[in-house]
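Colleague: Numbering (this note's numbering), first residue to last: 30 to 197.
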Amino acid sequence: MVTVLMAICAVAFIFIMYRRAAIDPEEFIASSPFKADLSIGEVHQIATRNGRKEWHLDADSAHYLNAEKKLILQDISMTFFMENQREVLLTARRGVLMTETKNVVVDGDVVLISDEARMTTEKLSYAHESRVLVADSPVNIRGDAYQLTAESMSLDLAGERVEFNGDV
Numbered sequence: 030m031v032t033v034l035m036a037i038c039a040v041a042f043i044f045i046m047y048r049r050a051a052i053d054p055e056e057f058i059a060s061s062p063f064k065a066d067l068s069i070g071e072v073h074q075i076a077t078r079n080g081r082k083e084w085h086l087d088a089d090s091a092h093y094l095n096a097e098k099k100l101i102l103q104d105i106s107m108t109f110f111m112e113n114q115r116e117v118l119l120t121a122r123r124g125v126l127m128t129e130t131k132n133v134v135v136d137g138d139v140v141l142i143s144d145e146a147r148m149t150t151e152k153l154s155y156a157h158e159s160r161v162l163v164a165d166s167p168v169n170i171r172g173d174a175y176q177l178t179a180e181s182m183s184l185d186l187a188g189e190r191v192e193f194n195g196d197v
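1. Using the Cα positions of I52 and I142, report the straight-line distance between them to the nearest angstrom.
2. Please report the distance separating the alpha-carbon of S181 from that of N79.
3. Please classify M111: does DSSP put it in a helix, a strand, or coil?
4. What first and last residue would you give for the beta strand (DSSP E) that runs through T150?
5. When you compare the CB positions of E189 and S183, do they come within less than 8 Å of one another, or not?
6. Taking only the alpha-carbon atoms, compute the straight-line gap between V33 and E71 and give it to the nearest angstrom.
7. Look up A12 in the DSSP assignment and give the residues it is bridged to.
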């Protein structure tokens, strides 16, 4: 009986908290861990250059910080489009998109997947102007017939060239 009563109280408490957030959204936003100017869910952004799609990004949630011109993202999926019509998929738990430069830094279970291989690392950055992905943390790459590890990696998406450094 006590367990049922506690469960009913827990459900009522959760309902009241969500109801209060719906009634007073300013208080809900103020309680956000980020001092964001705008918080939204399910973000989709496409980056184009000269009429050609270079990448698209999806995230479960985003917090925009206007003063810093950046978007803090959660549960990210990015697809990069190569010159030869191939795609490279990137997933990560967290990330930051600098809105003016379109540079992106992601971390947390970072996975990069192409037709030939799958790479894992903890942190990766993308320089939009040069179209280069850089991992300064250790990387592990697996293909159908090989496995490779390195201290760092640089992938030039425009030139389709990969460079590995340190203890390869």
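Virtual Cβ for every residue (Gly too), placed ideally from N, Cα, C.
Modeller: From the atom records:
1. Reliability of the predicted coordinates at I52 is poor, the pLDDT of 47 falling under 50, and the value obtained from them is presented with this limitation in mind. Whole-angstrom Cα-Cα distance: 43 Å.
2. 31 Å
3. coil
4. 146-156
5. no
6. 35 Å
7. The structure shown does not extend to residue 12, since the chain spans only 30 to 197, so no value can be given for it.
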